[in-house]
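Chains as they are written, first to last, in the numbering used here: chain A, 1 to 380; chain B, 381 to 565.
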């Protein structure tokens, strides 16, 4: 059986060969293919091949009401959906000049950091699995499930929460939720030494990950790398600190960096960020009960909501890097244009192609996962 | 907002150039409107002299009523922590512009995306080819004159889809509850 568009090609004799990885493979969190040209086990060139997840989100959003798109946006990145909802909501609020009540802002930070922890745990697992250490991936996914339990208690949904709407959040926290978060944090924090033993101080992992997929800070800046991947090259930049949104200015946290810029440095930055997210969440748990008020600003009838004409660029730090929404309204009840700038649109395409050059075949999956790319952000 | 809060390099450059308008829309956001001839030069100055090294995104908006495409270049400075959005407009008919890949490497991805989705050709861009829509040979789908819903209705015949499992269901009195033509709009 050959596909309909199959065309046989002949090539001159060569020591080089082509290898197709994907679209389903362990290197990435979704369907995404990578075409390699190899000599022996050394990659001569790589070509990213997207489009296996394309659902035309940006076009769909133009045909739906502003409020309806809330159900659409979290699907753009499955492992880390909350930043999508929050950024989209921030864009709409900016267009309307809506003030988000303080309590809602704290609730959003709570969700954002929970989502970041879940995404990082997922990435640890995936990254370890690409080096053959599957136990960490089972642990990571099991521990991520505890965060999903929290989301279920808060929003009713485990993966897609559809909880943040323009103007605030849909509900307040249920009774006893903050204690639940606190207990989960205690547990996850107690797990970190186990993760260290299994992965981060494991000589097998260190040997496999060091000097793999390394980039310098100059390269990272030139290539448009953001998020943990940029911080792993030594630049302390975090949108939460340097272009603050919500209540991040009132929170204390560090921006961890590493110098090496390789797969190991990226894993270590994520591990350090996990601790910072615990720290932020502890502050939220402490402060949230003292912040009263509504969780949602009054909004017009969402089914007949004409958002004032204008344009805005809303930007947050997702677990993968800089996430931004460029939203344009022409005064109608539907967006005129929404452009999603996912961090993976750089990491999964050009950066991956450049880093794969000269790498060994066995390291390609690791380079992919260490960049923590999310293909739906490319195929929006 | 006063200009003092903007970083001085940026203001110097913006004052030097003619044919552009700029305004600060919020403490860390600056909007520049510039003609299409002047935009590449502006980006070169912004990168070379004002530390705007990070091209966050290039967005394209189809203003079909004005018969124009709007291109928006979002630039971030890691030093002054400002986001500059440079807006320019190009005619919709020709739909050709010049690539900024020489200045900003990330541009290659966004330019290819706009080429696929809006059909704007960027001269000098390294990958003016299909990436996501490899098996699509229709018009660029993000253009406003492409109606995705009408295309679906024309292309996929819902009525003729009548598989065996549905026939079995219908024999039992079930089946499609609302036929597509009866969907309330």
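All residues carry an ideal CB built from backbone N, CA and C; glycine is no exception. These numbers were taken from a predicted model, which means no experiment stands behind them.
Environment of residue i [buried if 16+ CB atoms lie within 10 Å]
i                      : result
residue 320 of chain A : buried
residue 551 of chain B : exposed
residue 94 of chain A  : buried
residue 17 of chain A  : exposed
residue 304 of chain A : exposed
residue 226 of chain A : buried
residue 370 of chain A : buried
residue 301 of chain A : exposed
residue 383 of chain B : The pLDDT assigned to residue 383 of chain B is 44, lower than 50, so where the model puts this residue is not dependable; a value taken from the coordinates is nonetheless given after this. Its Cβ having fewer than 16 others within 10 Å, residue 383 of chain B is exposed.
residue 109 of chain A : buried
residue 386 of chain A : Given that chain A is displayed from residue 1 to residue 380, the structure contains no residue 386 of chain A and the question cannot be resolved.
residue 276 of chain A : buried
residue 134 of chain A : exposed
residue 534 of chain B : exposed
residue 200 of chain A : buried
residue 378 of chain A : buried
residue 29 of chain A  : buried
residue 147 of chain A : buried
residue 240 of chain A : buried
residue 6 of chain A   : exposed
residue 237 of chain A : buried
residue 444 of chain B : exposed
residue 566 of chain B : Residue numbering for chain B in the displayed model covers 381 to 565; residue 566 of chain B lies beyond these limits and cannot be assessed.
residue 542 of chain B : exposed
Presumed contact (8 angstroms Cβ cut-off) between residue i and residue j, rounded CB distance
i                      : j                      : result
residue 464 of chain B : residue 455 of chain B : 5 angstroms
residue 337 of chain A : residue 85 of chain A  : Incorrect: roughly 19 angstroms between the Cβ atoms, too far for contact.
residue 132 of chain A : residue 295 of chain A : About 46 angstroms separates the two Cβ atoms, so there is no contact after all.
residue 484 of chain B : residue 546 of chain B : So it is not a contact: roughly 52 angstroms between Cβ atoms.
Pair within 9 angstroms by beta-carbon distance, residue i and residue j
i                      : j                      : result
residue 342 of chain A : residue 96 of chain A  : no
residue 139 of chain A : residue 125 of chain A : yes
residue 529 of chain B : residue 511 of chain B : no
residue 399 of chain B : residue 410 of chain B : no
residue 382 of chain A : residue 323 of chain A : Because chain A is modelled from 1 through 380, residue 382 of chain A falls outside the range shown and cannot be assessed.
residue 103 of chain A : residue 292 of chain A : yes
residue 270 of chain A : residue 228 of chain A : yes
residue 122 of chain A : residue 144 of chain A : yes
residue 153 of chain A : residue 180 of chain A : yes
residue 233 of chain A : residue 267 of chain A : no
residue 431 of chain B : residue 389 of chain B : yes
residue 188 of chain A : residue 72 of chain A  : no
residue 64 of chain A  : residue 160 of chain A : no
residue 419 of chain B : residue 393 of chain B : no
residue 307 of chain A : residue 325 of chain A : no
residue 318 of chain A : residue 129 of chain A : no
residue 466 of chain B : residue 412 of chain B : yes
residue 394 of chain A : residue 23 of chain A  : No answer is possible for residue 394 of chain A: the residues shown for chain A start at 1 and end at 380.
residue 278 of chain A : residue 117 of chain A : yes
residue 447 of chain B : residue 408 of chain B : no
residue 344 of chain A : residue 373 of chain A : yes
residue 92 of chain A  : residue 166 of chain A : yes
residue 327 of chain A : residue 88 of chain A  : yes
residue 387 of chain B : residue 462 of chain B : yes
residue 381 of chain A : residue 50 of chain A  : Past the boundaries of the shown model lies residue 381 of chain A; chain A is included only from 1 to 380, so the question cannot be answered.
residue 11 of chain A  : residue 380 of chain A : no
Cβ-based neighbour list, residue i, same chain, cut-off 8 angstroms, excluding 5 preceding and 5 following
i                      : result
residue 519 of chain B : 499, 525 and 526
residue 360 of chain A : 41, 42 and 43
residue 212 of chain A : 262, 263, 264, 359, 363, 366, 367 and 370
residue 505 of chain B : 479, 481, 487, 488, 491, 492 and 495
residue 331 of chain A : 306, 307, 308 and 309
Sequence-distant residues of its chain with Cβ nearer than 6 angstroms to residue i (five each side left out)
i                      : result
residue 82 of chain A  : 111, 112 and 115
residue 548 of chain B : none
residue 20 of chain A  : 35
residue 381 of chain B : For residue 381 of chain B, the predicted structure reports a pLDDT of 40, less than 50, and the residue's modelled location is therefore unreliable. The matter cannot be settled from this model.
residue 217 of chain A : 233, 234 and 235
residue 183 of chain A : none
residue 220 of chain A : 230 and 233
Contacts around residue i, its chain only, beta-carbon distance under 7 angstroms, and the 5 residues preceding and following it disregarded
i                      : result
residue 48 of chain A  : 34, 348, 349, 352 and 353
residue 424 of chain B : 483
residue 15 of chain A  : 39
- Please go through the segment 210-250 of chain A and give each complete beta strand (DSSP E) segment of 3 or more residues, from N-terminal end onward. none
- Which ranges does the alpha helix (DSSP H) cover as unbroken runs of at least 4 residues, wholly within the segment 440-485 of chain B, from first to last along the chain? none
- Task: Could you tell me which uninterrupted alpha helix (DSSP H) segments, each at least 4 residues in length, are contained entirely in the segment 328-367 of chain A, listed from first to last along the chain?
- Result: 352-356
- Inside the segment 481-520 of chain B only - alpha helix (DSSP H) runs reaching at least 4 residues: 487-498
- Item | Contiguous beta strand (DSSP E) assignments of at least 3 residues, all confined to the segment 18-65 of chain A | 33-39 and 42-49
- Task: Could you pull out every unbroken alpha helix (DSSP H) segment of at least 4 residues lying fully inside the segment 126-203 of chain A, listed in chain order?
- Result: 134-155 and 177-195
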